[in-house]
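Chemist: Numbering (mature numbering (1 follows the signal peptide of the UniProt record, and there is no 0)), first residue to last: -18 to -1, 1 to 312.
1) With DSSP as the reference, identify every bridge partner of residue 223, one or two as the case may be.
2) Do you know how far the Cα of residue 307 is from the Cα of residue 249?
3) Are the beta-carbon atoms belonging to residue 36 and residue 112 less than 7 Å from one another?
4) Since I believe residue 149 is in contact with residue 290 (beta carbons under 8 Å), could you give me their beta-carbon distance rounded to a whole number of angstroms?
5) May I ask which residues mark the beginning and end of the beta strand (DSSP E) holding residue 250?
6) In terms of residue numbering, what span does the alpha helix (DSSP H) encompassing residue 132 cover?
7) Grab me the residues of residue 205's own chain with a C-beta within less than 6 Å of its C-beta, minus the 5 sequence neighbours each way, in chain order.
8) Considering only residues of the same chain and omitting the five flanking positions on each side of residue 77, which have a CB-CB separation below 6 Å?
9) Helix, strand or coil for residue 116, going by three-state DSSP, please let me know.
10) Please report the distance separating the alpha-carbon of residue 282 from that of residue 312.
11) Would you say residue 259 and residue 310 are within 7 Å of each other, going by their C-beta atoms?
12) Does the beta-carbon of residue 54 have 16 or more other beta-carbons within 10 angstroms, so that it is buried, or is it exposed?
13) Among 136, 215, 135, 255, which has the Cα closest to the Cα of residue 244?
14) Compare the Cα-Cα distances from residue 98 to each of 49, 262, 272, 86 and report the closest residue.
15) With a threshold of 7 Å on Cβ separation, who are the neighbours of residue 144 within its own chain once the five nearest residues in sequence on each side are excluded?
16) Is DSSP giving residue 184 helix, strand or coil here?
17) Out of 257, 278, 158, 130, which has the shortest C-alpha to C-alpha gap to residue 267?
18) Cβ of residue 273 within 7 Å of Cβ of residue 203?
19) Who pairs with residue 170 in a beta bridge, going by DSSP?
20) Starting from residue 274, trace the beta strand (DSSP E) in both directions and tell me its first and last residue.
21) What are the boundary residues of the beta strand (DSSP E) that residue 264 is part of?
22) Taking the beta strand (DSSP E) that residue 48 belongs to, which residues open and close that run?
23) Report the CB separation of residue 181 from residue 208 in whole angstroms; it is logged as a contact under 8 Å.
24) Thinking C-beta only, is residue 82 closer than 7 Å to residue 157?
25) Among residues of its own chain, excluding the 5 on either side of residue 263, which ones have a beta-carbon nearer than 7 Å to its beta-carbon?
26) Starting from residue 53, trace the beta strand (DSSP E) both ways and give me its first and last residue.
27) Based on the DSSP secondary-structure assignment, which residues constitute the bridge partners of residue 84?
28) For my contact list, residue 128 and residue 161 are in at a C-beta cut-off of 8 Å; report their separation, rounded to the angstrom.
Given below as C-alpha cells:
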C-alpha cells in the first residue's frame, strides 16, 4: 500500500511539472527567490486578486544609504522633515535599487559599488511585504502599484528641490525590473534618466502588453541584462539595448541549473561588477534571431554592458563571461 501511494505521488508531481503553459512549456518550475529560498512556482497565467494585506502606500519602505551611512540604511519618507534630517545629499545623483520576488532592500553589495563610484544617494526600495508572498502571481500583481509609490517619492524629491529626474537611475531585478518600468510610466514631473533591468521577470509578462512591464519608453535610456531568458527571465528585447551574456539562457559556472535560479541571479552579479568596470565588452548582433540561433558574428559595433550611465547605443548585444568573479573578460 505504501509503495502504491509513493507511485501516485510521484506521478502527480510529474504531471504538475509537465502541465503545458505556452507552446508546451512547463506550467510549473522550481525557483529561487532573492533570499535563496526555493519555491514550486505555478506559471499558469490566471489572474489573481491583489491581497488586501498589502497596502503599497504604507507597506513600501525606502532606505537611504550614503557615504555617511554605507551599511545601515536610514528610513526616509516623502516629507521634507524626513529628508532634511537624513544624510540625503541635495542635488546629488540618486540610485534606486528595487528587489524582486522574496527579496529585501539590503543589497549591500550593489550599494557598496555605487558608493565607491561616487558620493551618491542610494535608496533601497523595500516592497518585501508585497513581494514576499509564496504565491508568485500575487506578488506579480503588486508590481504596478508599487511602481506608483516609487514614482511619488521621485516626484517629491524634484518638487522640493532635492533631486531632479535627470539625476535618477533605477536598477531593478526580476519583478523589480517591472516595478522600475511602472515607476517610469508613473512619474509626473519629468523623465527618469535610466533604468537597468537585471533579468526582468518572464512568467506572466507579455511582449504584447508593454503598459504592464518594463518597456523602452519608461526612461530616457533603458537596458536589460538577460541571463535566464525564456525560463525565469523575459526572453525578447524590450529595452533600448538588450544584452545576452552567453546567449542569455544558461550561464557558465551554474552547472545543470534545472530551475534557472543560478542564471537568473547571475544578472545581479554581472551588473554589480559592471558599476566600476568597463570590461563587459559586447558585440552587436544583427537581430534577436541571432541570439536564439546562438550565432552572432557581430556587426562591427561594440558596447559596454551595464555601468551607471545612459548610453546612445541601441540594439541586441552578445558577450561571453567567466564562470566566476571577476566575470568580465574584456
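Backbone N, C-alpha and C define an ideal beta-carbon position, used for all residues, glycine too.
Modeler: Short version:
1) 205, 297
2) 12 Å
3) yes
4) Not confirmed; about 12 Å, so no contact.
5) That residue, residue 250, is in no beta strand (DSSP E); its alpha helix (DSSP H) goes 243 to 256.
6) 125 to 141
7) 178, 221, 223
8) 96, 102, 104, 151
9) coil
10) 16 Å
11) yes
12) exposed
13) 215
14) 49
15) 65, 70, 72
16) coil
17) 278
18) no
19) Residue 170 is not bridged to any residue.
20) Segment 270 to 274 is the alpha helix (DSSP H) holding residue 274; no beta strand (DSSP E) there.
21) 263 to 267
22) 43 to 48
23) 6 Å
24) yes
25) 284, 286, 301, 312
26) 51 to 58
27) Its beta-bridge partners do not exist; DSSP assigns none.
28) 5 Å
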